[in-house]
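In terms of the working numbering, the sequence shown opens at residue 293 and continues consecutively.
Virtual Cβ for every residue (Gly too), placed ideally from N, Cα, C.
Inspection log for the structure reproduced underneath, given as structure tokens.
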Amino acid sequence: MIEVSKLTLTYPSGKGVFDLNFKISEGKVTGYLGPNGAGKTTTIRAIMGFMAPNSGLCKVNGLDCVKQAPEIQRILGYVPGEIAFLDGMKGQEFLKFLSQMRGTNNKKYVDELFERFDVDPTGKIKKLSKGNKQKLAIIAAFMHDPKVLVLDEPTSGLDPLMQKRFVELIKDEKKKGKTILMSSHIFEEVEKTCDDVIIIRDGRIVHASDVASLSKASVVRYHVGVSDVDVARGVLSTDYAVTSAGDALEVMVPKEKVDAFVKALAGMEVLQLESKAQTLEDLFMQYYNKEVAQ
């Protein structure tokens, strides 16, 4: 379990995170969403014990993240947002070094991870591409079969095939009952892997729920084709969130305003009208924009 209770951690600039509260139960995968600078990495640094909070606390499986950081490291796997390796080493040498530090030896599983992510373990780290360094970071986080995983933008730099393999890995770990916190900008990745989502903006949590509940949100996305896009945008944008989609418009309509929306269309020459399933990204923008407007 990961528990964050009344966590406040600020920088001299005044930015940081403020009064955060959330729990991730054993066997659950939680997506941590927010724009750059929202506080995702700061939260993760507090959970890792890298930074002591101004107030509040973080716990991993009941262990205090500041006072008992060494014990936590033995049961936790971590992919940092900014990766730094000992570049003079080869990949397999670096992982052997980590195994010795952790007191673990799971060569068979490490070899499986190398094969899964198509990494040559004999190559020098300094010669690896960004994508291959990211793969090595993932392997380093998972290699000791940790009970808890904290992943900060884990698929950054990976191509679509490797992103797919990462999603499969998360699903496998979930079946094992692992507890996972994952910060990501890739909404499809979160939809496929996460049980719950937390949305943070300007250091404060603005929404937290399970993914299934988000998909039932009370907003409908319409794809609208009209003869005069500019006129339609001018009429609709006063009451609805409107974006361009080629020669058509995408309109986010609260369910209680659908009748009014249809009446507004009555005065236009509508060529196409269809409702579309919302994505997690649509819903994220709904919550984020709602907070901005307040």
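Backbone secondary structure at residue i - three-state DSSP
i, result
"T396", "coil"
"N346", "coil"
"V358", "coil"
"T414", "coil"
"Y401", "helix"
"T571", "coil"
"A585", "Confidence in A585 is poor, its pLDDT being 39 and thus under 50, which makes the residue's placement too unreliable to answer from."
"K351", "strand"
"G383", "helix"
"I375", "coil"
"D502", "strand"
"D522", "helix"
"P452", "helix"
"L312", "strand"
"E600", "There is simply no residue 600 to check, as the chain begins at 293 and stops at 586 in what is shown."
"E561", "coil"
"E318", "coil"
"G423", "helix"
"D539", "coil"
"M340", "helix"
"M577", "helix"
"K468", "coil"
Within 8 Å, strictly: CB atoms of residue i and residue j
i, j, result
"I294", "S475", "no"
"A552", "L541", "no"
"G383", "V411", "yes"
"G469", "G319", "yes"
"Y514", "V489", "no"
"G449", "K467", "no"
"I497", "L312", "yes"
"V482", "A433", "no"
"V521", "L528", "no"
"I367", "C350", "no"
"I417", "M381", "yes"
"T485", "K456", "no"
"E260", "F458", "A question about residue 260 goes unanswered here, because the residues of the chain that appear run from 293 up to 586."
"M454", "K427", "yes"
"Y532", "V545", "yes"
"T471", "I316", "yes"
"L299", "G348", "yes"
"E548", "S519", "no"
Cβ-based burial, residue i [other Cβ within 10 Å; buried from 16]
i, result
"A585", "Bear in mind that the predicted position of A585 carries a pLDDT of just 39, short of 50, making it too unreliable to give a figure here."
"T322", "buried"
"T414", "exposed"
"E363", "exposed"
"V503", "buried"
"P438", "buried"
"L563", "exposed"
"T447", "buried"
"G526", "exposed"
"F386", "buried"
"L378", "exposed"
"A558", "exposed"
Residue i versus the options, residue with shortest Cα-Cα distance
i, options, result
"V511", "I472, G469 and T571", "T571"
"P304", "N346, F342 and Y324", "N346"
"S536", "V554, G517, C486 and M343", "G517"
"P465", "K425, E480, M435 and R493", "Sequence check: residue 465 is Glu here, not Pro. Ranking K425, E480, M435 and R493 by Cα distance to E465 puts M435 first."
"K332", "I430, E404, V442 and Y532", "V442"
"E407", "S297, T300, N424 and T396", "N424"
"F342", "T530, V554 and C357", "C357"
"F314", "P327, A344 and V352", "V352"
"R494", "G308, L301, T300 and S317", "Reading off the sequence shown, one finds Asp at residue 494, where the question assumed Arg. Residue G308 is the option with its Cα nearest to D494."
"H477", "T471, M454 and F576", "F576"
"E374", "L390, L405 and D444", "D444"
"Y324", "L473, D487 and K547", "L473"
"L301", "N328, T334, F377 and G329", "T334"
Residue i - partner residues in DSSP beta bridges
i, result
"Y324", "S475 and I490"
"D444", "S475"
"F409", "According to DSSP, F409 bridges with nothing at all."
"G369", "L441"
"T302", "G308"
"M544", "R513 and A533"
"I497", "I492"
"E566", "H515"
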